[in-house]
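Below is one structure, written out as C-alpha cells; comments come after it.
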Amino acid sequence: MAISTRLISPALQCLTQVARRVVLLNLALLSMLCSTHASEKIDVVALVTGSIDQTRGLSSYAEMSMLIKRPSWQRQSTLKAWTRGREDALIRFVAPTRVAGNALLKQGERMWTYTPKLNKSIRLPGGMMSQSWAGSDFSYNDMSRSDKWLRDYTLNHVDTEQDEGLAVYVIDATPREDAAVVWGKEQLRIREDLVLLELTYFDQDMEPVRRMVSLAIGELGGRAMATRMRMQEVDKPEQYTELEYLDMDFDVDVPDRMFTLFSLQSGRSR
Amino acid sequence: MFSSSFISTLAMLFNFSLRNIVRYRRRNFFLFAAIAVAVGGTTLSNALIRGWQVDMLETAVSGLTGHIKLQAPGFADDPSLQNAFSSLTPISLGDNVPILGFAQRINIPAVISSERETRGVALVGVDPANEGISLYRDFVIEGEDLGGPEDGRLLIGRALAETLQTRVGRRVVVIMEGADGKSRERGYRIAGVFDAPMKISEELLVFTGLEAMQAALGNTQLRTPITELSLVLQAEEDRGVAQRELAAQHPQLVVKDWREMQPQVAEIVDLVDATMAIWFFLIMSALTFGLVNTLIATVMQRTRELGMLRALGMNQRLLLIQVVMECVGIMVVGVIAGLLLGIAMVFGLGDGIDLSAFSESVEAFGMSTVLKPVLTLEDLLLFGGLSVLVGVFASYFPARRALKISPLMAMSR
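Protein sequences appear in the order of chains A and B.
Heads up, the final residue of the first sequence is numbered 273 in the numbering used here, and it's a clean run with no missing numbers.
Heads up, the final residue of the second sequence is numbered 534 in the numbering used here, and it's a clean run with no missing numbers.
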C-alpha cells in the first residue's frame, strides 16, 4: 500500500499503474540482460520508482499496527491510513483509546497534526520535520517526502546479491551537493520483484546511523510487499519501531474530502 | 586677596596640624593605613566594576548590534526577508561624526540540522570584509573563513558544531523562510568552525556569504535586499547625533541605538554607576566613624593645650581651621596612599581575572570570561575628591568639640 513506503522510506515516488507495468516489463528484460551482462547495466531509476510504486496505487487504504519498543517500555497501537496520488495522505490512530484520534494529514510538502485532547490542528513548521513522529523511530520527514528521491539524489547500482533465488540490487543514493539532506548516503536493497528489503541511512563518515529492515514479506492487496518493517537507530539495538500491515487495499475509492483539515479533525475512520 | 599676615597665620596653623599629626605617630599610622586600605580597595573594586561595564558595553556593541542599527519597520515583529530593505551604500554623516565602519547583513531565523540533531539559529549573511566592527573579527576559525560575500558555505560556532556532532567539511541542512514567505530547505557545506568569546554566540550564530544568501532566498523587488545595517562610530558619545541624522536621511527605516536594541544591557550599564557610588559611600561612612572617633580623642587629649592657645588669643575661627586642616591632612595623605595602592593592585592584576571556570554564569551577565579592571582618571579624581570631602565632613564633630574648649575648662583639668 502506498502509505507504507510513504511512511517508511523517504522520497518514494509514485508512478501510475501504467507506468508501473512498463517498469516491471523493463525490469523483466533487464534481469534477463543481467544474467548475461554485468549487473551494473540495470536501470536504477526505474528500479527505485518501481519499488516505490509496488506498495502504492492511485489510492490506497491500509490498517496497520505499530509497536514502539524501548528498553523500559513498549507501546502497541493500531492505525488506519489513506493515500491518494503522490501528494495526499491521512493517518489516524484508532487504538488504544488513549491515542485514538491523533492524526496526521499530508498535503504535498505540508503536514498537520491533530490531537483530540487539545482539539487543535497544528501545521508542522519546517524545523520540526526531522523530529520523531508519535514517539516512534520514524521522523515526520520520513513520512513527508514525495518526489525528493529522484530530484535530490544520484542513484548508483553498487552490488547484486541473491535472496531466495531472486536477485537483490544494492543501490547507493547519494544526495546532491545542495540537496536538503543530512545523510552522507542512503543505501537501498531492492529485490528483483521490487520489494524493498532494507534501507540504511549513513552519516557523512559513511557510518550507518538508521536502518529500516523488512522482517516479513508477503502478499497484501494482490501485491508482493514487505508486510512487517522495523526502523531503528544502528547504535541502539534495544529500541526500535515496528510497523505491520494487517490489511490493505489498492486503488480504492477515497473521497476527496478525506484529505482536508476538516476530515483531520473529525476523527472519522471511514 | 588674603593679607600676608593671614597667609602666615595659615602657614603657622598648617605647621601646628602637621606637628600634631606627627606627634601621635602610632595612632595616626593606623588611621592612615585604614584610609589607604579602604581607598585602595575601593579603587580596585571600582576598577573591576568599571571593567565589567566596559566589557558589557563592548560585548553589546560588538555583537551584531553596533552603536546604531537600521532595520525595516516591520522587522521586529516579523524577522523575515519580507521586511528587508535595499542596500544603503554609501553611508555618510559628515566630518563631525566619524564612522569606524558599517556592515550590511541579512539576519533571519533558521533551523539547522545534521544527521543527529536539529537546532534553531540566526542565519547571518555577511560580507566578511565589512565585519571588522563586529565580534566576527575576534573569531578563531578552524577550517576556512568565508571567502567573500559570494561564498555559499557556512561558518558555525564550536558549541553548535558539538551539539550537531558535525565538523568542518560536512554538510548540514538549513531551513529558512524565503523571499516569497515559503520555507526553503537547502544543503550547506561547513567551511569553518569558529571560537567566539561568548558561548551564546557560538550556539546561536551561523554565518554565510551575503550575496550567496540573497541568491538562496530568492527574488524580492529589492535588488540587493538586506535586513539590517549596523554602524559603529569612533566615539560612542556621538550616537545621539548620528541617530538623528540617520533617521532624517532614511525616514523609511527604524534607526535604533544600542541602548534601545539591548535595553537590559543599557540598564545594567547605568546600574553599575549607581553600584559604584553606593559601594563608595558604604566604605567611606564606615571610615568616617573611625576618623571622627580618632579626631575627637585627639581633641579631648589636647584640652589643656587648646585652652592655652585660646588664652593666648587664638580665636575660634583659627582653631576651627586648624582642626579641619589636621583632619583633611590625614585624609589627603591616606587617600593618596590609597589611590597609589589601588593603582598598584590594578596593575598587579595585569591581564585581568580569568573567570572561565564560571563561564556560564558569567555569560548570563553578558560578560566575557576575562574580567579586566579599567582605571579612568575621572574615577580616581572623583573618588579622591569625594574622600577629602568626607574628611571635611568628618572634621565637623571634633571641631565642634574643640570650639567648646575654653581656657577656664583647660585650667580646671
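We put the CB at the ideal spot given by N, CA and C, even for glycine.
On a predicted model such as this, the values are computed, not experimentally measured, just so you know.
Should the segment 201 to 212 of chain B be regarded as contacting the segment 344 to 351 of chain B, the criterion being three or more beta carbon pairs within less than 8 Å? yes
Inspect the beta-carbon positions of residue 115/A and residue 126/A and report whether they are closer than 7 Å. yes
Interface residues of chain A facing residue 306/B [CB-CB closer than 8 Å]: 129, 183
Which listed residue (225/A, 121/A, 168/A, 237/A) has its alpha carbon closest to that of residue 202/A: 237/A
Would you please verify whether the beta carbon of residue 166/B is less than 7 Å from any beta carbon of chain A? no
Output yes if chain A places a C-beta closer than 7 Å to the C-beta of residue 263/B; else output no. no
Contact criterion: CB-CB distance below 7 Å. Does residue 237/A meet it with respect to chain B? no
Are the segment 242 to 249 of chain B and the segment 217 to 230 of chain A in contact at 8 Å, needing three or more beta carbon pairs? no
Counting only Cβ pairs nearer than 7 Å, list the residues of chain A close to residue 293/B. 185
The segment 372 to 383 of chain B contacting the segment 261 to 278 of chain B, beta-carbon criterion three pairs below 8 Å: no
Quick one: which chain A residues come within Cβ less than 7 Å of residue 590/B? An answer regarding residue 590/B cannot be provided, because it is not within the stretch 122 to 534 covered by chain B.
Give every residue of the same chain whose Cβ lies closer than 8 Å to the Cβ of residue 400/B, excluding the five residues on either side of it in the sequence, and list them in chain order. 163, 166, 167, 170
Quick one: residues in its chain with C-beta nearer than 7 Å to the C-beta of residue 158/A, no 5 flanking neighbours on either side, listed in chain order? 47, 48, 51, 174, 176
Of all the CB atoms in chain A, is at least one closer than 7 Å to the CB of residue 236/B? yes
Burial state of residue 405/B (16 or more Cβ within 10 Å): buried
Can you tell me where the alpha helix (DSSP H) with residue 590/B in it begins and where it stops? The structure shown has nothing for residue 590/B, since chain B only spans 122 to 534.
Measuring CB to CB, does residue 161/B end up less than 7 Å from residue 463/B? yes
Host beta strand (DSSP E) of residue 227/A (start-end): 226 to 236
Under 7 Å, do residue 69/A and residue 248/A count as touching if we go by C-beta distance? no
According to DSSP, what are the bridge partners of residue 438/B? Answer is none; residue 438/B lacks a bridge partner.
When you compare only the Cα positions, how much space is there between residue 196/B and residue 138/A? 36 Å
For chain C, is any of its Cβ atoms less than 7 Å away from the one on residue 207/A? Absent here is chain C; the protein component of the structure consists of chains A and B.
Please check if any C-beta of chain B sits within less than 7 Å of the C-beta of residue 212/A. yes
Residues that DSSP places opposite residue 85/A in a beta bridge: 64/A, 93/A
Beta-carbon within less than 6 Å of residue 285/B's beta-carbon, same chain only, minus the 5 sequence neighbours each way: which residues are those? 235, 238
Assuming contact is defined by CB atoms lying nearer than 7 Å, are residue 328/B and residue 247/B in contact in what I supplied? yes
Measure from the alpha carbon of residue 198/A to the alpha carbon of each residue in 207/A, 180/A, 172/A, then state which is nearest. 172/A
Check residue 248/B in the structure and name its three-state DSSP category. coil
For residue 58/A, list the residues DSSP reports as bridge partners. DSSP lists no partner for residue 58/A.
Look at the alpha carbon of residue 77/A and the alpha carbon of residue 250/B, and state the distance between them as a whole number of angstroms. 55 Å
Output, in chain order, the set of chain B residues within a Cβ distance shorter than 7 Å of residue 180/A. 308
Would you kindly work out how many angstroms separate the C-alpha atoms of residue 423/B and residue 179/B, rounded to a whole number? 56 Å
Which residues mark the beginning and the end of the beta strand (DSSP E) in which residue 221/B is found? 220 to 234
From residue 232/A to residue 63/A, what does the alpha carbon distance come to, in whole angstroms? 18 Å
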